[in-house]
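Inspection log for the structure reproduced underneath, given as structure tokens.
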Amino acid sequence: MFNFDDRIAVAVSGGKDSASLLHILAKMERQHPKASLVAVTVDEGIKGYRDEALQIAEANCQILGIEHHVVSFKKLFNFSLDQLIEKAQRKGKRELSSCAYCGVLRRRALNVAAREVEADKIATAHTLDDEVQTILMNIFRGDISRLAKENPITEDVHPLFVQKVKPFCEIPERESTLYAYVKNIRFQDTPCPYALEAMRNDVRAMLNSMEEKYAGTKFTVFKIMERIRPALAELVKKDGFTECVECGEPASSSLCRICELLRQLS
Ligand code: SF4
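Mapping of the sequence shown onto the numbering used here: residues 998 to 1263, in sequence order.
The structure is reproduced here in structure tokens:
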């Protein structure tokens, strides 16, 4: 996933997984003097949740002596997530769940942040549990295109996209949590107020119960997906990327998804 001289932007939310990842990568980076780390945090603007996370992320960066870069939805898109959802509801144009809005905007914000800090890679703390949940959610939604594209190492499809890697993709969430406890790492344990709406919760509960009964289920799903992904990629049409006529960011059509959503709300 990494080269010895990479500048790595670690996506740090303040939660246990990203806090563990930051500490582990910091330890590894000390052995690779040509590599460098910078932490990036996306402030979605979620009242009563993100402020504490930002403080914890900053505290971890200070302990490790790592530069911390924050980008906000408000600055990038003129709306905090709270404002965007409130506005979509008021206009009767809420076509996505809160997490789906958040996901689209956060992917863009992370990419912009990584470019701002001139990173070669973005490392995110998606665990084995996250990966398998996403695989099943894409199957349940019938989204074959995303099923084929969700790769632990993203492909180079446009020069404005910074490559994303997921070093914890084979690490169960329990182990990254355990690491944070054993190493006495500070993390936020308050859940996001929007998390309860998410389909992911039901998928997580189902997978945990399967894993309890049939140990190894999560790993098996992850590994089987690794094997069939190349065949799936052949099946789905390779979307070419162009630049959005409004914001200039990479887009699969003339108007990117974010500009389309923001236009609907303006
Ligand atoms: Fe965003 Fe949903 Fe995560 Fe909250 S739970 S930070 S809304 S993706």
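Built from N, CA and C at the ideal position, the CB exists for glycine as well.
So, at 6 Å on beta carbons, what are the nonlocal neighbours of residue i in its own chain, with the 5 sequence-adjacent residues on each side left out?
i, result
"D1003", "A1032, D1117 and K1118"
"L1157", "P1247"
"C1253", "C1241 and E1246"
"H1029", "F1001"
"A1230", "A1145"
Between the Cα of residue i and the Cα atoms of the options, which residue gives the shortest distance?
i, options, result
"M1207", "G1042, A1122, Q1130 and E1092", "Q1130"
"Q1261", "R1091, A1016, T1174 and E1152", "R1091"
"L1070", "L1051, R1047 and V1039", "According to the sequence shown, residue 1070 is Phe rather than Leu. Taking only the C-alpha atoms, the option nearest F1070 is V1039."
"D1127", "S1015, P1190 and K1210", "S1015"
"F1076", "R1087, E1041 and F1238", "E1041"
"V1162", "N1205, T1124 and L1204", "T1124"
"L1204", "L1252, E1170 and E1243", "E1170"
"E1147", "L1073, V1200, M1222 and R1183", "M1222"
"S1010", "F1184, A1202 and F1216", "F1184"
"G1045", "P1188, A1195 and S1263", "P1188"
"V1200", "D1153, P1149, E1172 and L1133", "L1133"
"I1136", "V1218, S1249, V1037 and K1024", "V1218"
"I1082", "A1097, E1026 and A1202", "A1097"
"L1061", "R1103, L1259, H1020 and L1073", "H1020"
"E1167", "N1057, T1214 and C1058", "T1214"
"R1138", "M1196, E1049, A1023 and F1216", "M1196"
"S1173", "M1025, A1122 and L1259", "A1122"
"I1043", "R1103, V1154 and A1177", "R1103"
"R1226", "R1143, L1259 and F1216", "R1143"
Residue i bridges to which residues according to DSSP?
i, result
"I1119", "A1006 and K1161"
"H1066", "V1037"
"P1227", "Paired residues: none, contrary to the question."
"E1026", "None; E1026 has no bridge partner."
"E1240", "P1247"
At a cut-off of 7 Å, would you count residue i as near ligand 1, judging by its Cβ distance to the nearest heavy atom?
i, result
"S1077", "no"
"Y1176", "no"
"G1100", "yes"
"C1058", "no"
"A1106", "no"
"S1015", "no"
"S1095", "yes"
"I939", "No statement about residue 939 is possible, as the shown extent of the chain runs from 998 to 1263 and does not include it."
"I1043", "yes"
"A1195", "yes"
"A1192", "yes"
"C1189", "yes"
Tell me which same chain residues have a C-beta within less than 8 Å of the C-beta of residue i, skipping the five on either side of it?
i, result
"N1198", "A1192"
"V1159", "A1006, N1108, A1111, R1112, A1116, D1117, K1118 and I1119"
"S1251", "T1239, C1241 and V1242"
"V1035", "R1004, I1005, A1006, V1007, I1063, E1064, H1065, H1066, V1114 and A1116"
"L1232", "I1141 and A1145"
"C1099", "E1041, L1078 and Y1191"
"I1150", "M998, Q1160, K1161, V1162 and K1163"
"C1244", "C1253, I1255 and C1256"
"E1194", "S1094, S1095 and C1096"
What residues in its chain sit with their C-beta under 7 Å from that of residue i, if we drop five residues either side in the sequence?
i, result
"L1175", "none"
"G1089", "none"
"E1209", "none"
"P1164", "M998, L1018 and A1120"
"R1105", "E1246 and I1255"
"I1053", "G1011, R1183, F1184 and Q1185"
"K1180", "H1020"
"E1152", "none"
"L1051", "G1011, T1038, D1040 and V1067"
Can you check the segment 1127-1199 for any beta strand (DSSP E) of at least 3 residues that lies completely inside it and give the ranges in chain order? 1160-1162
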